[in-house]
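Throughout the sequence shown, residue numbering follows the working numbering, covering 22 to 348 in sequence.
All C-beta atoms, glycine included, are put in the ideal place defined by N, C-alpha and C.
First comes the structure, then the notes that go with it.
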Amino acid sequence: SIISSLPANDYSELFCDDMNDGREIANLSDYNFKLIATNATYNFNYYSSSQGAENELTADQISNFSNYNLVLGDNKIYVRINSNTPCYAIAELNLTLVPKPIISIQDVVPICENNTVIIDAGAGFDSYLWSTGATSASIIVTNPGNFDVTVTNNYSTISCSSTKTFTVKNSTIATINTIETKDWTDTENMITVHVTGAGDFEYSIDGIHFQDSNQFLNVNSGEYTVHVRDKNGCGTVKDEVYLLMYPKFFTPNGDGYNDTWKIKFSDLETSMIIKIFDRYGKLLKELTQNNSWDGTFNGQELPASDYWFAVTRNNGKEYKGHFSLKR
Numbered sequence: 022s023i024i025s026s027l028p029a030n031d032y033s034e035l036f037c038d039d040m041n042d043g044r045e046i047a048n049l050s051d052y053n054f055k056l057i058a059t060n061a062t063y064n065f066n067y068y069s070s071s072q073g074a075e076n077e078l079t080a081d082q083i084s085n086f087s088n089y090n091l092v093l094g095d096n097k098i099y100v101r102i103n104s105n106t107p108c109y110a111i112a113e114l115n116l117t118l119v120p121k122p123i124i125s126i127q128d129v130v131p132i133c134e135n136n137t138v139i140i141d142a143g144a145g146f147d148s149y150l151w152s153t154g155a156t157s158a159s160i161i162v163t164n165p166g167n168f169d170v171t172v173t174n175n176y177s178t179i180s181c182s183s184t185k186t187f188t189v190k191n192s193t194i195a196t197i198n199t200i201e202t203k204d205w206t207d208t209e210n211m212i213t214v215h216v217t218g219a220g221d222f223e224y225s226i227d228g229i230h231f232q233d234s235n236q237f238l239n240v241n242s243g244e245y246t247v248h249v250r251d252k253n254g255c256g257t258v259k260d261e262v263y264l265l266m267y268p269k270f271f272t273p274n275g276d277g278y279n280d281t282w283k284i285k286f287s288d289l290e291t292s293m294i295i296k297i298f299d300r301y302g303k304l305l306k307e308l309t310q311n312n313s314w315d316g317t318f319n320g321q322e323l324p325a326s327d328y329w330f331a332v333t334r335n336n337g338k339e340y341k342g343h344f345s346l347k348r
């Protein structure tokens, strides 16, 4: 201390940053009795610099001393103590804010079925105490449940602790219940995947690009493999789906181009039944799977016109449409 007659003392204290936000509010006047005996009447003023305290510089004076914001690390405050005589003293108040441990454990920790998971509270702390009784930096959990861990860092005069409560929950591989499709367009089809399971799932129709939504819009017609993956690494399930489309016309003229008519990708879906009718509803041809129609009925070429079809798929759904035969 720089003392002019008054018997003042410097004072230091450590604080834990309770909110771990790098700040703490302190009332500097609470430390007056630590700096000088209170058996007399004194006037205390607080400054950010030693020179400010010596010369009572207004620019360095701390006006919000009762609500002073301590930052992480050392906070040095210079206190000028005036008496009702010409005597005064300057004491150094050193308030040090130290961080509490930060425990980087999620609120919910997934565990795959019939597996274990390692819960790590982070390295470098002075002590650990888990609700299981363990005192190591990490534990191995085999069953779901609620857990907590208290982590402590020791400083010269204080210990700062943090406690984290978390839940370990089962995460499972998905079960694909149904795949709903809207097809019969070239590029505006839709696939919706319905699943059950306790996992956190993401979805893909190419096995490369995954998304959180179970719905895929503006999909081209064709064959797709639907992937449903548990984000926690518990496994992936797959299923095939076909988005069908049909030619709007065909030209059975023997030139090798569009000579027959068939449902696109029908060869990928077994047991599909396709029936072709004329405009009056007369059944002309029944196709199965990979068969196509050449535009004849009982060996006779049919005239250029519009023809209708009805498709019954494996799941029992029916789709009807029409196309043109051109000659």
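Comparing alpha-carbon positions, the option among Asn175, Glu244, Thr59 lying closest to Val119 turns out to be Asn175. Residue range 32–38 is occupied by the beta strand (DSSP E) that includes Ser33.
For Leu308, the enclosing beta strand (DSSP E) starts and ends at 304–309. Residue range 71–76 is occupied by the alpha helix (DSSP H) that includes Gln72, with no beta strand (DSSP E) assigned at that position. Looking at the DSSP output, Met266 bridges to Lys285. Bridge partners of Met211 according to DSSP: Lys203. Per the coordinates, the alpha-carbon of Cys37 lies some 27 Å from the alpha-carbon of Val129.
Residues of the same chain with a CB within less than 7 Å of the CB of Ile194, apart from the 5 flanking positions on each side, are Gly218, Gly220, Asp251, Cys255, Gly256, Val258 in chain order. Taking all protein chains in view, the Cβ of Arg44 is surrounded by fewer than 16 other Cβ atoms within 10 Å, so the residue is classified as exposed. Judged by pairs of C-beta atoms under 8 Å, the region 300–310 does not touch the region 263–274, as fewer than three such pairs exist. A residue is called buried when at least 16 other Cβ atoms come within 10 angstroms of its Cβ; Cys108 does not meet this threshold and is exposed. Taking a 10 Å sphere around the C-beta of Leu238, we find fewer than 16 other C-beta atoms and assign the residue as exposed.
Cβ-Cβ distances below 6 Å link Ile179 to Leu35 in the same chain, with the five nearest sequence neighbours on each side left out; the list follows chain order. The C-alpha of Ala155 lies about 22 Å from the C-alpha of Cys133.
Restricting attention to Gly94, Glu307, Val172, Gly166, the CA atom closest to the CA of Pro131 is found in Gly166. Of the other Cβ atoms in all chains shown, 16 or more fall within 10 Å of the Cβ of Ala29; this residue is therefore buried. A residue is called buried when at least 16 other Cβ atoms come within 10 angstroms of its Cβ; Arg348 does not meet this threshold and is exposed. Restricted to the region 69–125, the alpha helix (DSSP H) segments that are unbroken, complete and at least 4 residues in length are 71–76, listed in chain order. Looking from the CA of Ile295, the closest CA among Ser183, Ile124, Asn96, Asn312 belongs to Asn312. According to DSSP, His343 shares a beta bridge with Trp329.
If you look at Asn175, you'll find it in the beta strand (DSSP E) that goes 166–175.
Remark: C-beta atoms of Val189 and Val172 do not approach each other more closely than 8 Å. In this structure, the CA atom of Thr186 is about 9 Å from the CA atom of Ile126.
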